[in-house]
Structure formats: structure tokens, C-alpha cells
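What follows is a single structure, written as C-alpha cells, with notes after it.
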Amino acid sequence: MNGWHRASSGKDQHWPPQRYRGLRKWATRLVVVAAFLGFLIAVGYFVNWGVDWYAERSTTTTTEVARGPSVEVTINPGMTAAEIGGLLEDKRVIDSSAEFVDLVKRRGSESDLRPGIYQFHQDQPMLEVVDMLEQGEGSPSFKLTIPEGLAVAQIGDLLAREGEIDGARYIKLTEQPGKFRIPRVGGTTPVVTTLEGLLFPSTYYLIEGDGATELIGAQLDAFEAKTS
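Numbering (this note's numbering), first residue to last: 608 to 835.
Right under this line is the structure:
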């Protein structure tokens with residue numbers, strides 16, 4: 608037993624110098640490899656950042672250069688999404704009125720396209736166009752809601768309270784249907800002596816300065832669009 612203890616506690620248990628040298632070489636190699644990998648990662652990061660920066664700058668520059676001529680477009684109160692899309696297509700602001708209508712429907716903003724005088728660009732991205740119309744980035748406009756079930760006299764009272772449109776003039780104009788384009792009902796244009804029953808209740812965005820005539824026109828257009 609004593610001999611075993613002496614053998615186990617002697618210098619024979621230490622690693623030989625050759626083994627130490629081998630371990631130092633491996634440690635050095637690992638450090639070099641780790642440093643090299645770190646260098647590659649850093650280079651890759653900066654290269655990727657540079658590519659992204661250049662792509663973003665190039666895209667911005669291309670967009671600015673490619674933006675078409677400015678186009679003034681007037682969106683009248685009561686225009687439907689299809690009518691607005693057709694007008695924008697005619698002005699070459701967008702390529703397809705059908706795609707415009709589909710986008711507006713998907714966003715649920717058919718009744719949120721505000722009237723006004725807008726400055727667009729030819730070949731402008733459609734999403735930008737819809738955003739501008741939804742946010743009313745044209746000339747100043749105001750919002751007016753006509754609830755369902757109101758008679759003409761009640762609408763006149765509502766307008767008088769709101770203060771944007773002359774309620775008394777509104778009532779008077781509804782008794783003069785000859786001043787307006789009467790909407791078709793069942794494929795024919797009815798002969799009427801009053802506009803009562805043809806004034807569609809909804810939320811309307813009117814251009815600042817519009818009055819009773821413009822509101823009635825928008826209501827009649829909405830009636831035809833919703834019942835055709």
C-alpha cells in the first residue's frame with residue numbers, strides 16, 4: 608500500500624513537456640480560429656448594412672426621379688369609389704380603376720374617401736393615393752351625417768344645428784326637383800314634385816364652402832348608387 612501511495616504522489620503524475628506544448632498549440636489555434644470567425648462576422652455585418660443602406664438610398668432616389676408629373680384632381684361629394692377610380696385612371700394617376708375599387712373595399716373605406724381638390728402624380732403608388740383620399744389631404748372638407756328615418760324638415764333642423772349648411776335653403780331646394788338630376792328607380796326616371804324619399808341617409812364629406820345644393824346632389828347620387 609505504501610509503495611502505491613508513493614507512486615501515485617510522485618512526479619510521474621505530471622504531464623510531460625511535449626503534451627503541454629501540444630495543448631498550447633491547440634489553444635493558440637482555437638484563439639486564432641475564433642478571432643478569424645469574429646472578423647468574418649463583423650465584415651458580413653458591415654457589408655450587409657452597406658447593401659441595405661445603398662438599396663434604401665437607391666430606392667428613394669429612383670422613386671423621386673420616377674415620380675410622374677403633378678395632376679390636379681377634383682373629387683366631388685357623393686362620388687362612388689368606382690367613379691373616383693375611373694377619374695384617377697383617366698388622369699393616369701393609377702393604372703386600374705378595378706384594382707382601386709378592390710383595394711378600397713378590402714380596407715372598408717368606400718364611404719371614407721373625402722372630396723376635395725387633390726394634387727396627385729401620374730403613376731403614383733395606389734396605396735398612397737388611397738391614403739390621401741382617406742385622410743382628406745386635398746382642400747379642406749367637413750363631415751356631415753344624415754341619420755336614417757328623418758323627414759326633410761328634420762334634416763333641415765339638423766343642418767341648422769350643425770351650422771355648416773343652411774337648413775332652410777335645404778328644405779326649399781328639396782321642393783324644386785327640376786334643379787337636380789333625378790336618380791333612376793327600377794330602370795326609369797320617376798316624375799316627382801319633391802325629393803322626399805330620394806335623399807339617401809349616410810355620412811358625407813363635403814368640400815369647405817359647399818352648401819345645400821352640393822349635399823342634395825350627393826344624396827341623390829348615393830341613392831342611385833345604392834339602389835341600382
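Each residue gets a CB set at the ideal place from its N, CA and C atoms; glycine is no exception. Everything numeric in this text was worked out from a predicted model, so none of it was measured.
- [ ] Pull up the distance between the alpha-carbon of Pro722 and that of Gln731, whole angstroms please.
- [x] 19 Å
TODO: Taking the CB atoms as reference points, tell me whether Ser704 and Glu717 lie closer together than 8 Å.
DONE: no
Open item on the list: Buried or exposed, going by whether 16 or more other CB atoms sit within 10 Å of the CB of Asp828?
Closed with: buried
- [ ] Express the C-alpha separation of Leu720 and Ile648 in angstroms, rounding to a whole number.
- [x] 50 Å
Task: Coarse secondary structure for Phe749, derived from DSSP in three states - done: strand
Task: Coil, strand or helix - Leu805 by DSSP - done: coil
Open item on the list: Let me confirm a value: Ile814 is counted as buried when at least 16 other C-beta atoms fall within 10 Å, else exposed. Which label applies?
Closed with: buried
- [ ] Would you mind listing the alpha helix (DSSP H) stretches within the stretch 701-761 that are 4+ residues and don't spill past its ends, in chain order?
- [x] 704-714, 733-742
Task: Helix, strand or coil at Ile778 according to DSSP, with G and I counted as helix - done: helix
Task: Helix, strand or coil at Thr681 according to DSSP, with G and I counted as helix - done: strand
Task: Leu740 versus Lys779: straight-line alpha-carbon distance, rounded - done: 32 Å
TODO: Examine the Cβ distances between the stretch 742-758 and the stretch 792-801 and report whether three or more of them are shorter than 8 Å.
DONE: no
Open item on the list: According to DSSP, simplified to helix, strand and coil, what is Ser665?
Closed with: Note that Ser665 scores a pLDDT of 40, beneath 50, so its modelled location is shaky and nothing firm can be said.
Task: Span separating the alpha-carbon of Gly693 from that of Pro684 - done: 15 Å
TODO: Output the boundary residues of the alpha helix (DSSP H) element that contains Thr834.
DONE: 819-834
Task: Best match in Lys712, Asp709, Gln726, Phe707 for proximity to Gly675 [C-alpha to C-alpha] - done: Gln726
- [ ] Give the C-beta separation of Gly743 and Ile724 to the nearest angstrom, bearing in mind that I take them to be a contact with Cβ-Cβ under 8 Å.
- [x] So it is not a contact: roughly 11 Å between Cβ atoms.
Task: Residue range of the unbroken alpha helix (DSSP H) whose run includes Tyr691 - done: The sequence given here places Ile at residue 691; Tyr does not occur at that position. Its alpha helix (DSSP H) spans residues 688-697.
Task: Cβ neighbours of Glu831 in the same chain (closer than 8 Å, five flanking residues each side left out) - done: Pro790, Arg791
Task: Whole-angstrom distance between Ile772 and Asp817, CA atom to CA atom - done: 8 Å
- [ ] Run the CB neighbour count on Pro747, radius 10 Å, all protein chains shown included, and call it buried at 16 or more, exposed below.
- [x] exposed
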